[in-house]
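Novice: Below are the structure tokens for one structure; questions will follow.
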Amino acid sequence: VVFYSAGFWWFDGYLLVQERYWQGIATERPFQYWGWANFASVVCAIGLGTVAAIGRVFDIAAIRRRSGLHLLVIGALLAITVADL
Numbered sequence: 043v044v045f046y047s048a049g050f051w052w053f054d055g056y057l058l059v060q061e062r063y064w065q066g067i068a069t070e071r072p073f074q075y076w077g078w079a080n081f082a083s084v085v086c087a088i089g090l091g092t093v094a095a096i097g098r099v100f101d102i103a104a105i106r107r108r109s110g111l112h113l114l115v116i117g118a119l120l121a122i123t124v125a126d127l
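Read left to right, the sequence shown gives residues 43 to 127 (our numbering).
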């Protein structure tokens, strides 16, 4: 509400950032760079210990028991993958 009352509209700002990006460095970086950079930033955000523990999420017995935590983490990983690609 504060930003809106100050005259800032989120979508206008987003479109301007896209325009500035394509005028600058975007001409030199391929799409594959951003695909890998997005995954690397997720690893940095959640920490290396969490990344190492992700292997435990794919325990077939836990998935068959439909453990809520396992399904939640798998759903989050799927959402991150879809959003990045």
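By construction, the Cβ of each residue, glycine as well, lies at the ideal position given by its N, Cα and C atoms.
1. Of all the options Leu-119, Gly-77, Gln-60, Val-124, which has the alpha carbon lying nearest to the alpha carbon of Ala-95?
2. Pull up the CB-CB distance for His-112 and Ile-105, whole angstroms please, since I reckon it's below 8 Å.
3. For Glu-70, does the three-state DSSP call read helix, strand or coil?
4. Could you tell me how far apart the beta carbons of Gly-49 and Leu-127 are, in whole angstroms, since I believe they sit closer than 8 Å?
5. Cα separation between Tyr-63 and Ala-121?
6. Kindly list the residues whose CB is nearer than 8 Å to the CB of Val-85, restricted to its own chain and excluding five residues on each side of it in sequence; keep chain order.
Specialist: Based on what the coordinates show:
1. Taking only the C-alpha atoms, the option nearest Ala-95 is Leu-119.
2. Taking a contact as a CB-CB distance under 8 Å, the pair His-112 and Ile-105 counts as one, their CB atoms being some 6 Å apart.
3. Glu-70 falls in the coil class under three-state DSSP.
4. Rounded to the nearest angstrom, the Cβ distance from Gly-49 to Leu-127 is 35 Å, too far for a contact under 8 Å.
5. Distance between the alpha carbons of Tyr-63 and Ala-121 is about 25 Å.
6. The beta carbon of Val-85 sits closer than 8 Å to the beta carbons of Val-93 from its chain, once the five residues preceding and following it are set aside; these are given in chain order.
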